[in-house]
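Residue numbers (the working numbering), protein chains in the order written: chain A, 6 to 177; chain B, 6 to 177.
Note that the Cβ used here is the ideal one computed from N, Cα and C, for glycine as well.
Keep in mind that this is a model prediction, so the values were computed, not measured.
Number of protein chains: 2
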Amino acid sequence: METIHLNENHTPLNDNSHLKEIIRDLGLKITQQRLAILNHVVTGKAHFTAQAAFESLSKTHPEIGFATVYRFLRKLSENGYVTEVRMGGLPARYEWAHKKHHDHLTCTKCQGIVEFENQEIEELQEKIADQFGFVLTDHVLELFGLCPKCQTKEGELPVPKNRFSSHLEPNN
Amino acid sequence: METIHLNENHTPLNDNSHLKEIIRDLGLKITQQRLAILNHVVTGKAHFTAQAAFESLSKTHPEIGFATVYRFLRKLSENGYVTEVRMGGLPARYEWAHKKHHDHLTCTKCQGIVEFENQEIEELQEKIADQFGFVLTDHVLELFGLCPKCQTKEGELPVPKNRFSSHLEPNN
DNA sequence: CCCCAAATGAGAATGACTTTCATTTTTAAC
DNA sequence: GTTAAAAATGAAAGTCATTCTCATTTGGGG
C-alpha cells in the first residue's frame, strides 16, 4: 500500500506513517507543514509555547507560518492529542498527550515544571462533579510554589519578566 | 478619630471605613475611585471580568478609567483580597476572597460556575508538593463539564462566541 | 493529470491587558 | 487651612498572544 522510499530530507517516509495516521484521524489533509509540526510536538520537549515551536521549526522549515502552527496546535488540542496548559496570563504551553494524564507543579520563580499524577484526586474530582450533576469533561490542576532550588537561592534569580500575581508579593 | 458625617452621595462615611482599612493595608492612598471599585467588588456579584466591573462602575462613576480598574484589581489580587480565575484564554474573572478557599466547576456550554471546597483534595495537594520538596504557595483547580441544564438542552444554546478547546469538538 | 476544496502564509485585526505621561488628588507637614 | 511632594488618575498608545482575512498554493480523489 505504502512504498517505503526516501523523501527530500533523506528520512525514511515510514517514520511518518504514525504521524500521518493522526492527521488523517483529525480529518485533515497531510501536508509537509503539519508533518513537521507534529514531529516537533511528538519528539521535542514538552511544555513549549506556540511561539517557541514556531521559532524552532523555522530553522528547518522557514516556510511555515506561525498561523499554521497555532491553527494546527489548536486542532490537536481540541482532539486531545496535545494538552494545553495555561498559568496566569502567560502564553499557553503545549505538550504531547501520549502519556497518562497528569497535572503540574510549577515553580513561580524559575518556572520549572514537575509533572505528577494522583489517582485519589482524580476520583475526588469525579465525585464532586457528580454531586452537582455535572458531566466532567476536563479539568485543570496546577500547583504553584517554590522548588527546592529556588527556596535556597532566595532572590538571586531575577523574577521572570512576566508578573506573577496569585498571592505572592512581587515588590519586596 | 473619625467623625461620622455624610459625603456628597448622602452615604454615611463610616460605611467605607472597612474598605478604607483594606486600601490602607495595601499601602495605597484612599481615593474615590478605589473606594468605588472596592465597594463594587465586595457587594457586587462574583466572577466578574475587569471589563464588566468597569462598565458597571461607569454608570455611577463615569470618571473612572479602565486602567484604574485593572490596576486596582491586580493589586487586590496580588494581596489576596480578590481571587483571579482564568479559564482557557478567556478574560480573567475576579471574586472577593472573603470566603473560605474554594475551587470552581464550570459549565463549558453556558459558562455557569459552581463553587465547591474539598478538604481532602487540599491535603493531597500539600502532600504532593512536599514529595517534590516544593513550598506550596497557591493552586488552581478548575473542573470543566456540562451542567445538568446544558446536558438536556443539547445544542440549543449557541456555544458562546469564544471557542472552547479542551477535548471538546466544537465543529460537530 | 486536473480540479477544487482545503491549506497556507503574510499581514492585518483583535482583545485583554499594561504602560506612559501630562494632569489632578491625596495627605503629611506646616 | 495652605501647600508642596508624592501618588494616583484617565486617555491614549503600546504590547503581546492569538485569530482572522484573503490571495495564492497544494493535496488527493476522480
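Anything in chain B within Cβ reach of R91 (chain A), meaning under 8 Å, just list it in chain order.
Residue mapping note: residue 91 (chain A) aligns to position 86 of the first sequence, counting from 1. Within chain B, the residues placing a beta-carbon under 8 Å from that of R91 (chain A) are R91, G93 and G94, ordered along the chain.
Classify F137 (chain B) as helix, strand or coil using the three-state DSSP reduction.
For this step, residue 137 (chain B) is matched to residue 132 along the second sequence. Shown here, F137 (chain B) sits in coil according to DSSP, grouped into three states, outside any helix or strand.
Which one of B:I42, B:L141 and B:E125 has the shortest CA to CA distance from E68 (chain B)?
As a working mapping, residue 68 (chain B) is identified with position 63 in the second sequence. For the residues B:I42, B:L141 and B:E125, the minimum Cα distance to E68 (chain B) belongs to B:I42.
Whole alpha helix (DSSP H) runs in the region 64 to 113 of chain A with 4 or more residues, listed along the chain?
71 to 83, all fully within the region 64 to 113 of chain A.
Determine, using beta-carbon pairs with one atom in the region 119 to 126 of chain A and one in the region 65 to 84 of chain A, whether at least three such pairs fall under 8 Å.
Contact between the region 119 to 126 of chain A and the region 65 to 84 of chain A is absent: fewer than 3 CB-CB pairs across the two stretches fall below 8 Å.
Please confirm whether V140 (chain A) has its beta-carbon closer than 8 Å to some beta-carbon of chain B.
Residue numbering aside, residue 140 (chain A) sits at position 135 when the first sequence is read from its first letter. True, the Cβ-Cβ gap to chain B drops below 8 Å.
Let me check understanding here. Comparing Cα to Cα, which of B:A72, B:R91, B:H45 and B:A51 lies closest to S61 (chain B)?
Residue numbering aside, residue 61 (chain B) sits at position 56 when the second sequence is read from its first letter. The shortest C-alpha separation from S61 (chain B) is found at B:H45.
Distance, Cα to Cα, H106 (chain A) vs H144 (chain A)?
Residue mapping note: residue 106 (chain A) aligns to position 101 of the first sequence, counting from 1. Residue mapping note: residue 144 (chain A) aligns to position 139 of the first sequence, counting from 1. The straight-line gap from Cα to Cα measures roughly 11 Å.
Establish whether the CB of L151 (chain A) and some CB of chain B are separated by less than 8 Å.
Locating residue 151 (chain A) in the first sequence gives position 146, where the first residue counts as 1. Yes, L151 (chain A) counts as interfacial toward chain B.
Verify whether the separation of the beta carbon atoms of I148 (chain B) and L110 (chain B) is less than 8 Å.
On the second sequence, residue 148 (chain B) is found 143 positions in, with the first residue counted as 1. On the second sequence, residue 110 (chain B) is found 105 positions in, with the first residue counted as 1. The amino acid at residue 148 (chain B) is misidentified as Ile; the sequence shows Leu. Yes, the pair counts as a contact, with Cβ atoms nearer than the cut-off.
Where does T36 (chain A) sit, in a helix, a strand or coil, going by DSSP?
Stepping through the first sequence from its first residue, residue 36 (chain A) is reached at position 31. Look at T36 (chain A) here: in three-state DSSP terms it is coil, with no helix or strand label.
Is the CB-CB distance between H52 (chain A) and I118 (chain A) below 8 Å?
Locating residue 52 (chain A) in the first sequence gives position 47, where the first residue counts as 1. Locating residue 118 (chain A) in the first sequence gives position 113, where the first residue counts as 1. Yes, the Cβ-Cβ distance between H52 (chain A) and I118 (chain A) is below 8 Å.
Go ahead and label A72 (chain A) buried or exposed: buried means 16 or more other beta carbons lie within 10 angstroms of its beta carbon, across all protein chains shown.
Here residue 72 (chain A) is taken as the residue at index 67 of the first sequence, counted from 1. Label assigned to A72 (chain A): exposed.
Among residues of its own chain, excluding the 5 on either side of F56 (chain A), which ones have a beta-carbon nearer than 7 Å to its beta-carbon?
Along the first sequence, read from residue 1 onward, the residue named residue 56 (chain A) stands at position 51. Here residue 56 (chain A) is Gln; the residue named in the question, Phe, does not match the sequence. Cβ neighbours of Q56 (chain A) within its own chain (closer than 7 Å, five residues either side excluded): P96.
Exposure label - R39 (chain A); buried when at least 16 CB within 10 Å
Counted from its first residue, the first sequence places residue 39 (chain A) at position 34. So R39 (chain A) counts as buried.
Chain B contact residues for F5 (chain A), given Cβ-Cβ distances below 8 Å
With chain A running from 6 to 177 in the structure shown, residue 5 (chain A) is simply not present.
Quick one: is T48 (chain B) near chain A, going by C-beta distance under 8 Å?
Position 43 of the second sequence holds residue 48 (chain B). Not closer than 8 Å to any Cβ of chain A, the Cβ of T48 (chain B) fails to qualify, so no.
Answer yes or no: do T48 (chain B) and T142 (chain A) have a C-beta to C-beta separation smaller than 8 Å?
Sequence index remark: in the second sequence, residue 48 (chain B) carries index 43 (1-based). Sequence index remark: in the first sequence, residue 142 (chain A) carries index 137 (1-based). No.
8 Å is my cut-off, CB to CB: does E125 (chain B) come that close to chain A?
The count along the second sequence starts at 1 and reaches residue 125 (chain B) at position 120. With 8 Å as the cut-off, E125 (chain B) counts as an interface residue toward chain A.
According to DSSP, what are the bridge partners of D143 (chain A)?
On the first sequence, position 138 is the one that residue 143 (chain A) refers to. In DSSP, D143 (chain A) forms a bridge with B:F149.
For V119 (chain B), list the residues DSSP reports as bridge partners.
Within the second sequence, the letter at position 114 stands for residue 119 (chain B). DSSP output for V119 (chain B) lists B:L110 as bridge partner(s).
Restricting to Cα atoms, I'd like to know which of A:Q130, A:F59, A:A134 and A:P153 is closest to G138 (chain B).
What you label residue 138 (chain B) is simply residue 133 of the second sequence in a count that begins at 1. When only C-alpha atoms are compared, the closest one is A:P153.
If contact means a Cβ-Cβ distance below 7 Å, which residues of the region 51 to 83 of chain B contact chain A?
For the region 51 to 83 of chain B, the set of positions with a beta-carbon nearer than 7 Å to some beta-carbon of chain A reads R79, S82 and E83 in chain order.
Any chain A beta carbon closer than 8 Å to L162 (chain B):
By one-based count along the second sequence, residue 162 (chain B) stands at place 157. Reliability of the predicted coordinates at L162 (chain B) is poor, the pLDDT of 41 falling under 50, and the value obtained from them is presented with this limitation in mind. Output row for L162 (chain B): interface = no.
What residues in its chain sit with their C-beta under 7 Å from that of Y75 (chain A), if we drop five residues either side in the sequence?
Here the question's residue 75 (chain A) lines up with position 70 in the first sequence. Excluding residues within five positions, the ones whose Cβ falls inside 7 Å are A55.
My assumption, with CB atoms under 8 Å, is that R29 (chain A) sits in contact with R91 (chain B). Please give the rounded CB distance.
For the purposes of this step, residue 29 (chain A) is taken as the residue at position 24 of the first sequence. For the purposes of this step, residue 91 (chain B) is taken as the residue at position 86 of the second sequence. That belief does not hold up - the Cβ atoms of R29 (chain A) and R91 (chain B) are roughly 34 Å apart, past 8 Å.
Do you know offhand how far V157 (chain A)'s Cα is from Q136 (chain B)'s?
For the purposes of this step, residue 157 (chain A) is taken as the residue at position 152 of the first sequence. For the purposes of this step, residue 136 (chain B) is taken as the residue at position 131 of the second sequence. The sequence as given places Thr at residue 157 (chain A); Val does not occur at that position. Distance between the alpha carbons of T157 (chain A) and Q136 (chain B): 17 Å.
Could you name the residues of the same chain whose beta carbon sits closer than 7 Å to that of A102 (chain A), not counting the 5 residues immediately before and after it, in chain order?
One-based indexing of the first sequence puts residue 102 (chain A) at position 97. Excluding residues within five positions, the ones whose Cβ falls inside 7 Å are G85, Y86, V87 and T88.
C-alpha distance - L18 (chain B) paired with C155 (chain B), whole-angstrom precision
Indexing the second sequence from 1 puts residue 18 (chain B) at position 13. Indexing the second sequence from 1 puts residue 155 (chain B) at position 150. Summary for L18 (chain B): the model assigns pLDDT 42, below 50, so the residue's position carries little reliability; its value from the coordinates is reported in the next sentence. About 45 Å.
Residue-level contact to chain B via CB, E147 (chain A), 8 Å cutoff
Taking the first sequence and counting its residues from 1, one reaches residue 147 (chain A) at position 142. Chain B, which has a Cβ nearer than 8 Å to the Cβ of E147 (chain A), makes this yes.
Locate the alpha helix (DSSP H) running through K25 (chain A), then write down its first and last residues.
The sequence position of residue 25 (chain A) within the first sequence is 20, counting from 1. Note, K25 (chain A): alpha helix (DSSP H), S22 to D30.
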